[in-house]
Structure formats: C-alpha cells, structure tokens
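Structure first, commentary second.
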Amino acid sequence: MVLLIEDNPIDVFVIKEVLEGCGPDLDVRLISNGHAALLYLQELDRDQTAPRPALVLLDLNLPKVAGIEVLRALRSSPQCSGIPVIVVTSSSAYADRSAAQQLGAAGYFQKPTELAAYGELAELVKRALDT
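If you read the sequence shown in the numbering used here, its first letter stands for residue 19, the second for the next number, and so on.
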C-alpha cells in the first residue's frame, strides 16, 4: 500500500495516474491534511497488527499541519520510522529540501508544470518500492 498525503485534487489525480503505471496491484490510500495524517500514524502505533504502508508520498504544503511536521512524526514513530518517504511538493526552497533530507526522506520531487515530467516520480516510486 502507498500512502498519499496530498490536499490538491488535481495533484491527487495525476499522482494516482503515475502510480497506476508503477504496478497494477498498487493500493493507494489518500489522506488530505496533515492533522488526519498524524491521527493515522498514531493509530498505526497503537495497532501493531494494522498493515503499514510500503511507501509514503508526502506533500509539504498541507492544511492543518505542515508536511514537514508529518515527516518528523513519521521518523519518530516506533512503527513507521523505517517507511520510505518521497516528498512530492511544489516547493523549490532549499530549506524545505534540506529539512526533508535531514529527516531521512528517500526522495524529493518538485511538482512539474509539464505532465510528462511526472515520469521521474514514477522512477522514484519504483526504486523506493524495490528496496
């Protein structure tokens, strides 16, 4: 299962299309704000039998709680700290990229304006799922 934490419906649509190209049986769970993502992580920590995502795709610009805070919570979670995270964001800020790297993000993908450029995201996802 891939956990997609993204609030923009257009980006959700495009990212799901990219994920379909990564494997026909790839299950995607969507969470649309940072607060809901934190609640989900808390639930995973409480229920050790609940299935864990194989990968998290995380937007940084989320409503309610910023994506970087969600990444910080993921990394401090006893049950989820080892899950690979690819940051998928419109931010080109060095500080965001640096913070994501310091928190152990497996990749940083800046959302492109051209649809064809999402092929790079597909490659990042395939690599992360293969590890």
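The C-beta atom is built at its ideal place from N, Cα and C for all residues, glycine as well. Keep in mind it's a predicted model, so treat the numbers as computed, not measured.
Between the beta-carbon of residue 123 and the beta-carbon of residue 89, is there less than 8 Å?
-> As a working mapping, residue 123 is identified with position 105 in the sequence shown. As a working mapping, residue 89 is identified with position 71 in the sequence shown. Yes, they are a contact pair.
Taking DSSP as the reference, what is the three-state secondary structure of residue 46?
-> Taking the first residue of the sequence shown as position 1, residue 46 is located at position 28. It is a strand residue.
Those residues which DSSP pairs with residue 127 across a bridge = Within the sequence shown, the letter at position 109 stands for residue 127. Answer is 106.
Length of the line joining the Cα atoms of residue 59 and residue 114 | On the sequence shown, residue 59 is found 41 positions in, with the first residue counted as 1. On the sequence shown, residue 114 is found 96 positions in, with the first residue counted as 1. Answer to the nearest angstrom: the Cα atoms are 22 Å apart.
Out of curiosity, what's the CA-to-CA distance linking residue 120 and residue 93?
-> In the sequence shown, the residue the question calls residue 120 occupies position 102. In the sequence shown, the residue the question calls residue 93 occupies position 75. Roughly 11 Å separates the two Cα atoms.
How about residue 54 and residue 61: do their beta carbons lie closer than 8 Å?
-> Along the sequence shown, one-based indexing puts residue 54 at 36. Along the sequence shown, one-based indexing puts residue 61 at 43. Cβ atoms of residue 54 and residue 61: not closer than 8 Å.
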